[in-house]
Every structure is written in C-alpha cells, then in structure tokens.
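J.: Below is one structure. I have some questions about it.
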Amino acid sequence: MYVDADQIVKIAEEIGFQTVPALFDADAAELPTDLAETYRFLLKFESSGCKLDEDANGVPEGIVVRSSDRSRIAKIRREDYERTLKRRKN
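Laid out in structure tokens, this is it:
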C-alpha cells in the first residue's frame, strides 16, 4: 500500500523523522527521455539537499522521481548516465 506525498511527510513528522526535500514538482511528460538530455538535467542538481554528515562532499548520486500517489518510483543515477554516454562515445 502506498501513501501520498503529503501523508508521508505527516507520518514522518509524527515519528520524529525528516523527509528528503522535494527538488521539483512536474508532470512526467516534462522529464527528458534522451540519454544526453537526461544527464544534463541531472547536472542541474549540483549539491545534495540531504547530506548524511557535514564531511560528505554533497555531490548527489541522482534523483528519485515518483508519481504523486507514490505507486511508481524510480531513481535516476548520474553514474549510470555518465557510464553509458562514455561507452557510446568510444
């Protein structure tokens, strides 16, 4: 069972946790689908909004995208796009 985004924030607060901050709110049709375009999109997020400690370098691993009802969730990892684009270049 999934809980919508607003409800998950409320639940987290009730049990003393903070949720990861939302980076943006957009329709899925607005997200890039091309490899190079998606990588450029990921590069816009230069620093993590939820470092685990102050010594962390802050470079985000990627972003998590999900539907508002949280029934679909995916992680878009920078490293995956870097590696794939590098292979295609060679």
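In terms of the working numbering, the sequence shown is residues 118 to 207.
Even glycine gets a Cβ: it sits at the ideal position worked out from N, Cα and C.
All values derive from a computational prediction rather than experimental measurement.
Can you tell which of Phe158, Ala139, Leu152 and Thr150 has the C-alpha that lies nearest to the C-alpha of Gly166?
T.: With distances taken between CA atoms, Gly166 lies nearest to Ala139 out of Phe158, Ala139, Leu152 and Thr150.
J.: Identify, in the order they occur along the chain, each residue of the same chain with its Cβ nearer than 8 Å to the Cβ of Tyr156, setting aside the five sequence neighbours on each side.
T.: Arg195, Tyr198, Glu199 and Leu202
J.: Start and end of the alpha helix (DSSP H) containing Arg194?
T.: First-last for Arg194: Ile190 to Arg194, but that is the beta strand (DSSP E), not the alpha helix (DSSP H).
J.: Report the residue from Val182, Ile193 and Arg204 whose alpha carbon sits nearest the alpha carbon of Asp144.
T.: Val182
J.: Check whether the Cβ atoms of Gly221 and Lys168 lie closer than 8 Å to each other.
T.: The chain is shown from 118 up to 207; residue 221 falls before or after that span and cannot be answered.
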